[in-house]
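Here the structure comes first, spelled out in structure tokens, and everything after it is commentary.
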Amino acid sequence: MRLSLVIPTLGRQAVVYNVLRHFEHQSRPPDEVVVVDQTEARDARLEEYAAAHPSVRYVRIEEKGLPNARNVGVRRSTGDVVLFIDDDVVPDADLVRRHVENYED
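Residue numbers (my numbering): 656 to 760.
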């Protein structure tokens, strides 16, 4: 089962970068991460991070709003399961693994 992690953000690009670094240490990493950035200014560090990590997509959108950002994230994801997290989450090392276990038979 493929899990897509969607992280909508607005104006907290440095915080999102730190969140991405935390997800590198998951016992079972997400199959892909989609960061949906509604901030007007682009963030070179997030773009570089996504370029260096093929499982990470950095998507910039103009229309602001959490529902829209989540919808864009779902449309851009390829996982069987989508897990939405806030842009300031500090995840437990087993978050993804435990979430996926809920869907296994």
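C-beta atoms are modelled at their ideal positions from N, C-alpha and C, and glycine is treated no differently.
**Q.** Distance cut-off 7 Å: ALA706 Cβ against heavy atoms of the ligand HEM
**A.** Absence of the ligand HEM is noted for the structure shown, with no ligands found whatsoever.
Q) According to the neighbour-count rule (16 or more other Cβ atoms, all chains shown, within 10 Å of its Cβ), is VAL685 buried or exposed? A) The residue asked about is misnamed: residue 685 is Pro in this sequence, not Val. With 16 or more Cβ atoms within 10 Å of its Cβ, PRO685 is classed as buried.
(Q) How far does the beta strand (DSSP E) with PRO663 in it extend, from its first residue to its last? (A) 658 to 664
**Q.** Alpha carbon of ARG667 to alpha carbon of ASP742, nearest angstrom
**A.** 7 Å
Q. Any chance the segment 699 to 706 sits against the segment 725 to 732, with 3 or more Cβ pairs inside 8 Å?
A. no
Q: Closer than 7 Å by C-beta to ARG715: which residues in its own chain qualify, once you throw out the five before and the five after it? Chain order, please.
A: ASP692 and ARG697
Q. Thinking C-beta only, is MET656 closer than 8 Å to VAL745?
A. no
Q. Roughly how many whole angstroms lie between the Cα atoms of VAL755 and LEU658?
A. 7 Å
Q. With distances taken between CB atoms, is the gap from LEU660 to LEU721 smaller than 8 Å?
A. no
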